[in-house]
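Asker:
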Amino acid sequence: MMATLDVDGMTCAVCVSRVESAISELDGISNVAVNLAKGSANFSGTVDVENVIAAVNNSGYKASMPINYFQKWKSEKEKLNREIIISTVSLVYSLLAMYYIMAAESDQTVFGFSSMCIVLILNWKVLQKGLNSIIYGVNMYTLVLLAFCCALLWSLTNMEHAMWEATFIVIAFVGFGDSLESLARSSATSSFAELSSMVSVGNIEVGDKLSLSAGMVVPVDGTVLEGRTDVEQSVITGENMPVPVKAGDHVWAGSTVVDGSVVIRAEADSGSSRIDEVIRLVDKSQSQKAEIEKTVDKIARIFVPLVILLAVSTFLFWRPVMGTESSLRMAITVMIIACPCAMGLATPIALFVGTSVGAKNGILLKGHRALEAASKIDVVVFDKTGTLTTGDFEVVAENEECLKIAASLEKHTNHPIATAIVKSCQDTYEASDVTTIPGWGVKGKIEGKSYSVGKGEEGIEVKQGESVLGVIRIKDTIRKDALDALRFLDSVILSSGDNESEVSRVAAELRITDARSNQTPEDKLELVESLSNVAMVGDGINDSAALAASDLGIAVSSATGVADISSDIVLTRDGLMTTIDALDLASKTRRNIRQNLVWAFAYNLLALPIAMGALYQSHGLVLPPWFAAAAMSLSSMCVILNSIRLRWSFERGVARRRHGSRITPR
């Protein structure tokens with residue numbers, strides 16, 4: 256059994272580690288993956304979900320059954336708007352109060368204590384998280400709480416040299432930083448929320464009839480029974496131009512009815528439409544952990560205890576030199592300035608943005624392997640049918656009987672050419688013992704006689720036994736953007752099972768110098784295995800082995816089954832330029848993750864020594880606690896904002912490529 260839970264209260268990599276440990280310790284759990292960016296936990300095993308919820312709740316967090324992500328995102332955003340206002344008021348008040356206390360010459364004990372109480376009330380969540388961390392295990396809020404307690408105890412016992420401003424300014428900055436971080440996370444996850452908003456939440460079954468009017472979103476995949484309308488289906492095809500539909504036409508879940516009204520018959524249950532399948536695949540990808548993320552989680556487990564040790568060491572080292580008050584301020588600064596949160600967010604937030612933006616643009620990144628491989632690709636191998644070409648075939652048969660025999664056998668397979676042959680024939684025979692021969696064709700019996708349909712030198716040969724009854728010629732249409740897309744790639748190979756004349760025609764039109772015809776699935780596999788740093792682009796029908804064996808498999812998805820294709824990336828939209836977009840997105844996501852990690856570790860490696868007084872003797876520099884609180888919040892914000900920048904960077908690249916500018920995808 257696999258299940259997902261929403262988990263509230265996680266703030267850093269330490270929280271992720273604690274939730275994973277709480278679930279992993281249950282008997283019957285085989286796999287756990289906690290996503291900080293989404294606030295979710297995926298697990299598999301034989302344990303009851305209620306037991307998992309209880310285990311998470313007992314570890315100091317709140318677990319619940321998941322709701323539609325868009326509903327959750329919308330609800331949290333409304334709550335977030337209130338928190339932003341409260342935290343902003345709290346911070347402004349704290350800054351004014353700090354300035355007043357530091358400028359005043361008289362005793363400000365009453366004012367300082369009152370200000371602390373006001374700020375604590377406005378930021379009670381920060382204090383609650385700190386207290387929970389003491390009960391359930393240390394995290395970044397343990398450091399904040401310890402710093403607050405040190406400043407409070409000092410102020411209560413040393414009225415003449417109290418540091419009231421340190422008690423409330425730290426809490427105010429952390430509360431304000433939490434609100435900004437949540438706002439940035441909300442922005443980072445907006446693409447996935449938008450995608451989730453198109454999922455049906457009703458109880459719809461196959462065969463149900465639904466009446467849809469202008470402005471409504473199609474809730475499930477279906478077939479039009481009555482009426483005519485235009486539907487905007489950019490979520491599926493990427494095209495914003497409305498498409499006219501009438502009785503008998505298919506409509507996708509997530510499409511919007513532009514005008515008119517129609518009655519459709521549901522062809523899928525709620526949760527089983529193509530858009531649902533896409534979202535599940537994206538969610539699965541986001542739940543997986545990269546090796547670097549697992550390493551960061553291990554570091555985070557020892558990070559907070561290490562910072563506490565460094566803070567104590569700082570106090571003991573500087574006390575003989577600076578006195579108790581100054582050395583205590585320095586120790587407080589050390590505890591506040593450390594930021595395990597930035598480390599914990601670095602990988603999941605970038606991956607979340609990358610996969611969500613990709614899904615919105617018809618690109619499904621199925622795992623972390625795609626991110627690593629995309630930047631190293633030297634050569635791209637393309638299948639022809641349905642990849643470089645549209646798969647909309649023109650069928651020309653020497654006689655009607657040959658076409659009828661071929662259609663009778665081909666209707667038992669799902670190859671694009673077989674589909675075209677079947678569509679071009681009005682009537683067929685009943686066939687038996689039909690067997691598909693990979694890379695060649697199909698054979699079977701009609702009225703007790705053995706027939707076969709497969710590749711020949713001049714086209715598709717229809718045979719009875721060994722006698723050729725006729726030839727069917729197929730002409731495929733090259734995709735409109737194929738030539739433009741191939742200009743972005745340095746080395747391209749065309750590997751197709753079609754005959755030499757058809758492959759040569761396509762290669763000539765697309766200016767491909769290395770074209771190989773009559774390739775069996777085994778030939779394609781051998782070709783891919785003979786190359787290094789190779790990407791394979793195909794439709795996943797007869798090249799699944801080559802897709803799986805390549806360094807980067809990119810499948811141009813057919814109408815169904817995106818989750819079953821053996822590839823690292825699945826393209827759900829028509830157009831070959833999406834392949835270039837996919838390579839670009841994978842490379843940029845990988846680069847973004849590395850940038851986030853470099854920043855998170857560099858910040859802590861630089862900030863901690865300075866907070867510990869590394870520049871005190873040479874430059875007289877001592878960082879105050881309020882500065883540390885601001886820096887800690889800014890560190891997490893930088894990681895999140897850099898991840899949001901990934902979305903803008905990718906969309907700018909897509910726009911430039913569509914307008915003819917050359918951008919190297921690697």
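If you want my numbering, it's the position in the sequence shown, counting the first as 1, plus 255.
Positions of the beta carbon are idealized from the N, C-alpha and C atoms, including for glycine.
Quantities reported herein were computed from a predicted structural model and do not represent experimental measurements.
Measure how close the beta-carbons of PRO603 and ASN290 come, nearest whole angstrom, since I'm counting them as under 8 Å.
Answerer: Here the question's residue 603 lines up with position 348 in the sequence shown. Here the question's residue 290 lines up with position 35 in the sequence shown. With 8 Å as the limit, PRO603 and ASN290 qualify as a contact, their Cβ atoms being about 6 Å apart.
Asker: Please state the DSSP three-state secondary structure of GLU481.
Answerer: To locate residue 481, count along the sequence shown from 1; it is residue 226. Correct three-state label for GLU481: strand.
Asker: Helix, strand or coil, according to DSSP, for ARG766 in the structure here?
Answerer: Numbered from 1 along the sequence shown, position 511 holds the residue referred to as residue 766. It is coil, neither helix nor strand.
Asker: Tell me the residue span of the beta strand (DSSP E) that contains PRO499.
Answerer: As a first step, residue 499 is located in the sequence shown; it is residue number 244 there, counting from the start. PRO499 -> beta strand (DSSP E) spans 498-500.
Asker: Assign ASP638 to one of three DSSP states: helix, strand, or coil.
Answerer: Residue numbering aside, residue 638 sits at position 383 when the sequence shown is read from its first letter. Correct three-state label for ASP638: coil.
Asker: CA-CA distance, TRP854 and ALA597?
Answerer: Locating residue 854 in the sequence shown gives position 599, counting from the first residue. Locating residue 597 in the sequence shown gives position 342, counting from the first residue. Computed Cα separation, rounded: 8 Å.
Asker: Whole angstroms are fine: how far does the CA of PRO880 sit from the CA of ALA886?
Answerer: Numbered from 1 along the sequence shown, position 631 holds the residue referred to as residue 886. Numbered from 1 along the sequence shown, position 625 holds the residue referred to as residue 880. Using only the alpha carbons, I get a separation of about 10 Å.
Asker: Can you list, in chain order, the residues of its chain whose CB lies under 7 Å from that of ALA770, leaving out five sequence neighbours each side?
Answerer: For the purposes of this step, residue 770 is taken as residue 515 along the sequence shown, with counting starting at 1. LEU749, VAL758, SER759, ALA762, listed in sequence order.
Asker: Helix, strand or coil for SER759, going by three-state DSSP, please let me know.
Answerer: For the purposes of this step, residue 759 is taken as the residue at position 504 of the sequence shown. Three-state result, SER759: helix.
Asker: Please classify GLU280 as buried or exposed, where buried requires at least 16 other C-beta atoms within 10 Å of its C-beta.
Answerer: Locating residue 280 in the sequence shown gives position 25, counting from the first residue. Exposed.
Asker: Who are the Cβ neighbours of SER342 in its own chain at under 6 Å, not counting the five residues just before and after it?
Answerer: Residue 342 sits at position 87 when you count from the first residue of the sequence shown. Correct list, in chain order: GLY430, PHE431, SER434.
Asker: Which residue spans inside the region 577-635 form an unbroken alpha helix (DSSP H) run of at least 4?
Answerer: 579-592, 595-615, 624-629
Asker: How many whole angstroms separate the CB atoms of GLU436 and MET892, which I take to be in contact at a CB cut-off of 8 Å?
Answerer: Numbered from 1 along the sequence shown, position 181 holds the residue referred to as residue 436. Numbered from 1 along the sequence shown, position 637 holds the residue referred to as residue 892. With a Cβ gap of about 6 Å, GLU436 and MET892 count as contacting.
Asker: Taking the beta carbon of ASN458 as the centre, do at least 16 other beta carbons fall within 10 Å, making it buried, or is it exposed?
Answerer: Reading the sequence shown from its first residue, position 203 is the one you call residue 458. Exposed is the call here.
Asker: So which of SER705, ILE632, VAL726 has the shortest CA-CA distance to VAL747?
Answerer: The residue given as residue 747 occupies position 492 in the sequence shown. Measuring from the Cα of VAL747, the nearest candidate turns out to be ILE632.
Asker: Excluding the 5 residues flanking ILE660 on each side, which residues of the same chain have their C-beta closer than 6 Å to its C-beta?
Answerer: Numbered from its first residue, the sequence shown carries residue 660 at position 405. If we look at ILE660 and ignore the five residues flanking it on each side, its Cβ neighbours are TYR706, VAL717.
Asker: Can you list, in chain order, the residues of its chain whose CB lies under 8 Å from that of ASN312, leaving out five sequence neighbours each side?
Answerer: For this step, residue 312 is matched to residue 57 along the sequence shown. The answer, listed in chain order, is ALA318.
Asker: Flag this pair as yes or no: are the beta carbons of ASP798 and ASP647 separated by less than 8 Å?
Answerer: Here residue 798 corresponds to residue number 543 of the sequence shown, with the count starting at 1. Here residue 647 corresponds to residue number 392 of the sequence shown, with the count starting at 1. Not closer than 8 Å, so no.
Asker: Cutting at 7 Å between CB atoms, please list the residues of its own chain near ASN884, excluding the five before and the five after it.
Answerer: Translated into the one-based positions of the sequence shown, residue 884 becomes position 629. Residue identity differs from the one stated: residue 884 is Ala in this sequence, not Asn. Around ALA884: ILE424, VAL425, PHE428, VAL429, ILE591.
Asker: Can you say whether ILE918 is buried or exposed, counting buried as having 16 or more other CB atoms within 10 angstroms of its CB?
Answerer: Counted from its first residue, the sequence shown places residue 918 at position 663. Note on ILE918: pLDDT 42, under 50, position unreliable in the model; no value is reported.
Asker: Please report how far the alpha carbon of VAL461 lies from the alpha carbon of ASP731, in whole angstroms.
Answerer: For the purposes of this step, residue 461 is identified with residue 206 of the sequence shown, where counting begins at 1. For the purposes of this step, residue 731 is identified with residue 476 of the sequence shown, where counting begins at 1. Spanning the two alpha carbons is a distance of roughly 34 Å.
Asker: Which same chain residues, not among the five before or five after MET371, have their C-beta less than 7 Å away from its C-beta?
Answerer: Within the sequence shown, the letter at position 116 stands for residue 371. Around MET371: TRP419, THR422, PHE423.
Asker: Could you tell me which residues DSSP puts in a beta bridge with MET257?
Answerer: Counted from its first residue, the sequence shown places residue 257 at position 2. Note: MET257 sits in a beta bridge opposite SER299.
Asker: DSSP on ILE356, reduced to helix/strand/coil?
Answerer: Within the sequence shown, residue 356 is the residue found at index 101, counting from 1. In this structure, ILE356 counts as helix in the three-state DSSP scheme.
Asker: Given this structure, state the Cα-to-Cα distance separating GLY703 from GLY720, to the nearest angstrom.
Answerer: Start at 1 with the first residue of the sequence shown, and residue 703 comes out as number 448. Start at 1 with the first residue of the sequence shown, and residue 720 comes out as number 465. Going by the C-alpha atoms only, they are around 12 Å apart.
Asker: For VAL479, which residues of its own chain have a beta-carbon under 7 Å away from its beta-carbon, when the five flanking residues on both sides are left out?
Answerer: Taking the sequence shown and counting its residues from 1, one reaches residue 479 at position 224. Excluding positions up to five away in sequence, the list reads VAL500, LYS501, ALA502, GLY503, ASP504, VAL506, VAL517, ILE519.
Asker: Between the region 709-716 and the region 605-623, are three or more C-beta pairs nearer than 8 Å?
Answerer: no
Asker: Within 10 angstroms of the Cβ of GLU665, are there 16 or more other Cβ atoms? Answer buried if so, exposed if not.
Answerer: To locate residue 665, count along the sequence shown from 1; it is residue 410. Classification for GLU665: buried.
Asker: Say whether the region 821-828 touches the region 611-630, bearing in mind that this needs 3 or more beta-carbon pairs closer than 8 Å, one atom from each stretch.
Answerer: yes
Asker: Count the other C-beta atoms from every protein chain shown that fall within 10 angstroms of the C-beta of TYR354, then say buried if there are 16 or more, exposed otherwise.
Answerer: If you number the sequence shown from 1, residue 354 lands on position 99. With fewer than 16 Cβ atoms within 10 Å of its Cβ, TYR354 is classed as exposed.
Asker: Check the DSSP bridge columns for ALA686 and list the partner residues they point to.
Answerer: Within the sequence shown, the letter at position 431 stands for residue 686. Beta-bridge pairing links ALA686 to ILE701.
Asker: According to the neighbour-count rule (16 or more other Cβ atoms, all chains shown, within 10 Å of its Cβ), is PRO864 buried or exposed?
Answerer: For the purposes of this step, residue 864 is identified with residue 609 of the sequence shown, where counting begins at 1. Label assigned to PRO864: exposed.
Asker: What is the DSSP secondary structure of TYR706, reduced to helix, strand or coil?
Answerer: Within the sequence shown, numbered from 1, the residue matching residue 706 stands at position 451. Of the three classes helix, strand and coil, the one that applies to TYR706 here is strand, per DSSP.
Asker: What residue does the beta strand (DSSP E) around ILE676 start on, and which one ends it?
Answerer: Walking along the sequence shown from the start, residue 676 turns up at place 421. Careful: ILE676 lies outside any beta strand (DSSP E), inside the alpha helix (DSSP H) at 671-678.
Asker: From the DSSP secondary-structure annotation, give me the bridge partner or partners of MET371.
Answerer: Here residue 371 refers to the residue found at position 116 of the sequence shown. None, per the DSSP bridge assignment.
Asker: Using DSSP with H/G/I as helix, E/B as strand and the rest coil, what is SER822?
Answerer: Residue mapping note: residue 822 aligns to position 567 of the sequence shown, counting from 1. SER822: coil per DSSP, three-state reduction.
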